[in-house]
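Reading through the structure tokens given below for one structure.
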Amino acid sequence: MTALTVENLRIDVPGGPAVAGLDLAIGRGRVFCLVGESGCGKSLTALALMGLLPAGARVVSGTARIDGRPFRPGGPTPAGLAMVHQDAMASLDPLMTVGRQIAEPLVAQAGLSRRAAMAEAVRLMERVGIAGAAERARAWPHEFSGGMNQRVAIAMALACRPALLIADEPTTALDVTVQAQILDLLTGLAAETGMGLVFITHDLGVVAEIADEMAVMYAGRIVEQGPVGRIFDAPAHPYTAELLACRPGLQARGSPLAAIPGMVPRPGRRGSGCDFAPRCRRATESCSMMPPKLLPAAGGGAVACGVPA
Numbered sequence: 001m002t003a004l005t006v007e008n009l010r011i012d013v014p015g016g017p018a019v020a021g022l023d024l025a026i027g028r029g030r031v032f033c034l035v036g037e038s039g040c041g042k043s044l045t046a047l048a049l050m051g052l053l054p055a056g057a058r059v060v061s062g063t064a065r066i067d068g069r070p071f072r073p074g075g076p077t078p079a080g081l082a083m084v085h086q087d088a089m090a091s092l093d094p095l096m097t098v099g100r101q102i103a104e105p106l107v108a109q110a111g112l113s114r115r116a117a118m119a120e121a122v123r124l125m126e127r128v129g130i131a132g133a134a135e136r137a138r139a140w141p142h143e144f145s146g147g148m149n150q151r152v153a154i155a156m157a158l159a160c161r162p163a164l165l166i167a168d169e170p171t172t173a174l175d176v177t178v179q180a181q182i183l184d185l186l187t188g189l190a191a192e193t194g195m196g197l198v199f200i201t202h203d204l205g206v207v208a209e210i211a212d213e214m215a216v217m218y219a220g221r222i223v224e225q226g227p228v229g230r231i232f233d234a235p236a237h238p239y240t241a242e243l244l245a246c247r248p249g250l251q252a253r254g255s256p257l258a259a260i261p262g263m264v265p266r267p268g269r270r271g272s273g274c275d276f277a278p279r280c281r282r283a284t285e286s287c288s289m290m291p292p293k294l295l296p297a298a299g300g301g302a303v304a305c306g307v308p309a
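Residues in the sequence shown are numbered from 1 upward in steps of one, following UniProt numbering.
Listed below in structure tokens is the structure:
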């Protein structure tokens, strides 16, 4: 069963389109990673789905369904969709105890009494691995570590049993050990509850570890998507291949780090063809004429390239 479908999502910012014609389909119980450089539109896509777009950004077109129910991207957050942000401390209210913050959506959305909601909040804290949950529920966010605050944020997201959870780089500010614990927690919860998990990241090591499927974004468009094993073993799009080649490895110690020459085009300054063509080593004259469409790729998935590998 599909947890989330998105069709033809376009998001404009003052300079032009920041996300252009994005399509997604994520199944229940699946871990889907959205990958790309900073500014490619990953987080903006998530914020549009949650109805949290910043000032100046607006949804121009697009339809979406969560668990089969239609909703409007850019509108109110639909039931069944939840999000964990990168900085848990910034997303928590410093003037409320963590237990009360977890209980609040249970009162507002699930209709529980405050006593029942607090009991459920303690259970959720235990579920995400917070020891002594009954006592810790009375603590304030500043009394928790970054990793513990992220667990609180995950408990809040789980409170109303979402069909799909969006995690926007939730481990970036955490040390490696805590990062591994949070990754295990999120993937375990997806498998246990059957919810879909969209993990937004630029860390290809994390993608290789947790993803079932992935999509690579460049300049507001998905350029390649499919099973993570196929994409890592045989990337079809030149940009995907370049990203994978940029990963540092122990074998390359002492050698210069690989880099992709050029810059990502700004919204409103894109040509009529493939956005990656000016930086692509395989580009031909036809690549600058019209943007390629996502077409089936050998081995599964799809690729938007006129000269795929």
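Beta carbons: idealized from backbone N, C-alpha and C, even for Gly.
The model shown is predicted, which means the values in this text are computed figures rather than measured ones.
query	result
Rounded straight-line distance, which links the Cα of residue 121 to that of residue 299	44 Å
Uninterrupted beta strand (DSSP E) stretches inside the stretch 17–50 (no shorter than 3 residues)	31–35
Residue nearest to residue 80 in terms of C-alpha spacing, selected from 105, 92, 253	105
Alpha-carbon to alpha-carbon, residue 123 and residue 306	52 Å
Classification of residue 270 by the beta-carbon crowding that lies within 10 angstroms, buried from 16 upward	buried
Separation of residue 175 from residue 238, as counted between CA atoms	32 Å
Per DSSP, the bridge partner or partners of residue 166	83, 198
Identified DSSP bridge partners for residue 215	34, 225
Supposed close pair residue 61, residue 10 - CB separation, criterion 8 Å	5 Å
C-beta contact flag for residue 67 and residue 137 at 9 Å	no
Local conformation of residue 272 per DSSP, three classes	coil
Inter-residue CB distance, residue 166 and residue 151 (contact presumed, cutoff 8 Å)	Actually they are not in contact, since the Cβ atoms of residue 166 and residue 151 sit about 17 Å apart, beyond 8 Å.
Endpoints, beta strand (DSSP E) assigned at residue 128	It is not in any beta strand (DSSP E) - residue 128 carries neither H nor E in the DSSP assignment.
Spatially closest choice to residue 153 from 225, 93, 187, 12, by CA coordinates	93
Test item: CB-CB of residue 217 and residue 22 under 9 Å	yes
Where residue 77 falls: helix, strand or coil (DSSP)	coil
Distance between beta carbons of residue 276 and residue 223, contact taken as under 8 Å	7 Å
Proximity below 9 Å, CB of residue 139 to CB of residue 206	no
Cβ-Cβ distance between residue 86 and residue 173 below 9 Å	yes
Assigned secondary structure, residue 177 (DSSP; H/G/I helix, E/B strand, else coil)	helix
6 Å Cβ shell around residue 194 - same chain, five flanking residues per side excluded	28, 29
Where residue 260 sits in the DSSP three-state scheme	coil
Beta-ladder partner(s) of residue 4, from DSSP	26, 66
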